[in-house]
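First to last, the sequence lines map onto chains A and B. The first sequence begins at 1 in the working numbering and counts up one residue at a time. The second sequence begins at 1 in the working numbering and counts up one residue at a time. Each residue gets a CB set at the ideal place from its N, CA and C atoms; glycine is no exception. Encoded as C-alpha cells, the structure appears first; notes follow it.
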Amino acid sequence: MTATGPWDGTFERLLRSRLPATIEVALEPEVPLTHYGLTSLGYLELGRALSEHYGISIGAFTERAFRTVGSLWHFVADSQLERVADSQLAVRADEQLESSGPVQ
Amino acid sequence: MTARTTEAERVAPASSLDGLFAQSARRYPDATCLIDGGHRVSYGQMAREAAALATAIGPQDIVAVLGEREFATYRAYLAALYAGAAVAPLSLDFPPERNARILAQAGIRCLVHTDRRGDPLLEAQLAAIGDITLIDGLIVPPEAGEEQPPDVPAESLAYLIFTSGSTGEPKGVPITHRSVRAFLRGVLPNYEAGPGDVFSQCHALTFDFSVFEMWGAWASGAATLVVPRLQALDPAATLSRHGVAVWCCTPSLIDAAAAAGQLPQGSLPGLRHLIIGGEPLAAATAARARTAAPNATIDNVYGPTETTVWSTFYRIEPQQPMPTGGTLPIGTPCPGAHVRISEAGELLVSGPQVFDGYLDAELTAVKFVTQDEQRWYRTGDLVTEGEAGVLIHRGRIDSQVKVNGYRIELSEIEHVASRLLGGRRTVVVRTSTGPGDAGLALFLEPPQVDEDAMRRRLEQLLPAYMVPRRVLIIDQIPLTANGKLDRDSLSDLAATWRGQQLAPIEEVEQLR
C-alpha cells in the first residue's frame, strides 16, 4: 500500500486495517485516532501489530503516542532511530574490541 | 521498608486531600509517589512543585485540568488542590464542545493545560472554550518555600466529575473533601499499604475509579503507577514489571486481556489486592482473575460516582472457593455508609460518602428521598439481599426495556445465554423499536455458534419475547474510554442490520 503521509506503507496498512472509519478517507497526521474509530481493544491490536513489525516492546508505548496518526508515526520512527543508533553503537564497540588486539 | 503506622493514624489528622498529600510528603519525603514510564517522582519533589504551581493558579473555586495521564498532569491536579480549589479533570479524548459545555455549566474560570501551546489537539480544545484564565502546567514558578496547602474545610469541594446524563448533557457530580475522606477512612484498612507499595493507575482521571488509584496510594505513602491504555491490556507483563500490589480494573478489561491471552494462569503471583469495579462482575470473569492472581484478595466494589468511588464491596480471600454462575454479590456497605432497599427494589445509600447534590438542582430533587429524617441517594440499581445481608445486584432500573408491554431485563437474558455457552461473554442490546418486534440482538465473540440451536435453547429457558432475534459474532466486544462495555457502539452496530436482509452469521464478521 502506498503511504498518504510522511509514514511508510506498512504503517498505513497496519493502521487502516484496524481503524474502521478510514475506508476511502485520507489519513491526516493531526487527527486523533479515536476520530477514525480506534476502540480500546483496537489499541491492543494496533500496538501488537506495530510492536511485531517494528520490533518495539509493548511496554515502551506511551499514552501520548496514540493521540494522533502523526504522533504514533513519530513514536514509531523515533523508536526505529533509537534501534539503529543502538546497533551502530554495538558495532562500534565490537570494532574497538577487535582493533585493541589481545591483552598483553 | 518504613515501619507502618496504622491506617487510622495515617488518615486521621488532615481534613482535606491536599492536607493528606502534604502529610505523606512530611512523613515520607523520599518515598516515590508517582511512577510514569522511567520517571519516579518523590513525595518531596511533587509537594514542592505542586505548591509552586499553586502560586501561579492563585485563588480559584474550581480549576479544570486538561492533559494526558503523565507527571505534569498529576502535578497540576495537586496544584489545584494546593491552591485551595476543587479540581475538575477533563479529557483530551472528549470533543472540545463537550469540555466547553462542562466549563460553562460549572462556571469554571481557570484551566491548567499540560500540553504545549501550539499542539493541535490542545488548540482545538482551547478554540471551543470562551474567555478563561489559562495556566501552562509545564511552567512551574521558582519554588516559593511554602509547601503547606491551606487544608481547606472538609465541607468544601474536592473534585468535580462529569458523568453522562440521560438527556445527553454531562451531569456534574461535586464531591467534598468530607466524602473522599470518609471513603478513604472506610476502605484503606482493607489494603494495608505503605511506602514501597505500588498501586496501578489505569483509568482516566475523568472516571472516579482513578480517585482510589491515586489517593489510596497517596494517603498510604505508596506510589501510583501510570499505566497507559495499551499496557493496561497486557496486565501480566505490566503489573509484574513494576511489582504492583494493588490493581484496579473493570470486568471488561479482565475479559479483554484474558481473551487476548495476556492473563495466563499464575501470571500475577505478586499481586496482593485485585479491585474490580465499574460494571457487574460475572463469576466467569472473577474466575479468570483468580486463575491469574492466585494470591490476591478479589474485591468486587460497587458505587455510583455520587456516593464517592465505591460504597459497598464483596471480598473473596485467596483460599476461598470462587462463586459459580451469575454475577458476584456487591457485598456489604463500607464502614460509615448506610444502605437500604426501597419497595421497588432500588438500592438507597446515605452517609458521609454521599454527595450533597448535582450542579443541576432539579436533578438533585429527583435523585434523593428522605426517609426517617435521613437523606438517601437513589442509585437506580436494583438489588436483593442474600445471606448475611450481602447485597446482590439485579441490574439497572433504566436498563429495563419495555416490549409489547413486557418489561425485559437485558442482563437476565445475558446470564442465561452465558450459562448456555459455559460462561462466555454475552451482551444483549435492543436494535429495533418497531411495533411487534422485540428487536433484541445477542452479541458474542468468536468462536461461532449455531444460531438456530442457540435460539432454540434460549426459547426453552426464556419467554418468547425475551429471546434475541439475532445472534451476532464480532471480533471483540468494544469498550468505552473508561474500560466499560460500550453498549451504544453495539446498538449502533446492530442497527446497521435493521430493515435489511439479515446477513447469515458467517458474513457478520466480514461486514464488521
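3-residue-minimum beta strand (DSSP E) runs that sit fully inside the stretch 147 to 174 of chain B, ordered along the chain: 157 to 164
Alpha helix (DSSP H) segments (min. 4 residues) lying fully within the stretch 273 to 309 of chain B: 283 to 292
Segment contact, 8 Å Cβ cut-off, at least three pairs: the stretch 436 to 452 of chain B with the stretch 465 to 479 of chain B: yes
Where Q374(B) sits in the DSSP three-state scheme: strand
Straight-line gap, D136(B) to R378(B) (C-alpha atoms, nearest Å): 40 Å
Beta carbon proximity, I56(A) to chain B, threshold 8 Å: no
Segment limits, alpha helix (DSSP H) that includes L490(B): R487 to A495
Assigned exposure category for P264(B) - 16 Cβ within 10 Å defines buried: exposed
Distance between T133(B) and A14(B) (C-alpha atoms, nearest Å): 30 Å
CB contact flag (L19(A), L38(A), <8 Å): yes
Chain A within 8 Å of G434(B), Cβ atoms only: Model confidence at G434(B) stands at a pLDDT of 47, short of 50, so the residue's coordinates are unreliable; what they give is reported in the following sentence. No, its Cβ sits nowhere closer than 8 Å to a Cβ of chain A.
Residue-chain proximity (F61(A), chain B), Cβ-Cβ < 8 Å: yes
Residues that E52(A) contacts on chain B, provided the C-beta gap is smaller than 8 Å: Going along chain B, no residue has its Cβ under 8 Å from E52(A), so there is no contact; the nearest lies around 13 Å.
Residues bridged to F11(A) (per DSSP): In DSSP, F11(A) forms no bridge with anything.
Given L157(B) as reference, the closest of R185(B), E143(B) and A106(B) once Cα atoms are compared: A106(B)
When L421(B), T426(B) and G19(B) are compared against L410(B), the one with the closest alpha-carbon: T426(B)
Three-way DSSP call (helix, strand, coil) for T238(B) in this model: helix
Between the CA atoms of P195(B) and A219(B) - distance to the nearest angstrom: 10 Å
First through last residue of the alpha helix (DSSP H) which encompasses L122(B): P120 to A128
The stretch 110 to 127 of chain B: positions lying closer than 8 Å to chain A by Cβ: P120 and L121
A296(B) beta carbon less than 8 Å from that of P318(B): yes
Cβ shell of R340(B) (< 6 Å), same chain only, five flanking positions each side left out: L348
Short-range partners of chain E found in the stretch 229 to 243 of chain B, where Cβ spacing is below 8 Å: In the structure shown, chain E does not exist; the protein chains are A and B.
Contact under 8 Å by Cβ, C334(B) with T312(B): yes
Within-8 Å CB hit, D488(B) to chain A: no
Proximal residues of chain B, C-beta to C-beta of Y43(A) below 8 Å: R229, L230 and L233
E70(B) classed as buried or exposed, judged by whether at least 16 other C-beta atoms fall within 10 angstroms: buried
Inter-stretch contact at 8 Å, needing at least 3 Cβ pairs: the stretch 254 to 269 of chain B / the stretch 287 to 301 of chain B: yes
Three-state class that DSSP yields for P435(B) in the structure shown: For P435(B), the pLDDT reaches just 44, beneath the cut-off of 50, and the residue's location in the model is therefore unreliable, leaving the point undetermined.
contact_flag[the stretch 320 to 327 of chain B, the stretch 351 to 361 of chain B] where n(CB pairs < 8 Å) is 3 or more: no
CB of T224(B) within 8 Å of CB of G483(B), strictly: no
Residues of the stretch 69 to 82 of chain B with Cβ closer than 9 Å to any Cβ of chain A, in chain order: R69 and E70
Interface flag, E30(A) vs chain B, CB-CB below 8 Å: yes
Secondary structure of E97(B), DSSP reduced to three states: helix
Contacts that R16(A) makes with chain B (C-beta to C-beta distance below 8 Å): Under the 8 Å cutoff, chain B gives no residues; its nearest Cβ is about 15 Å from R16(A).
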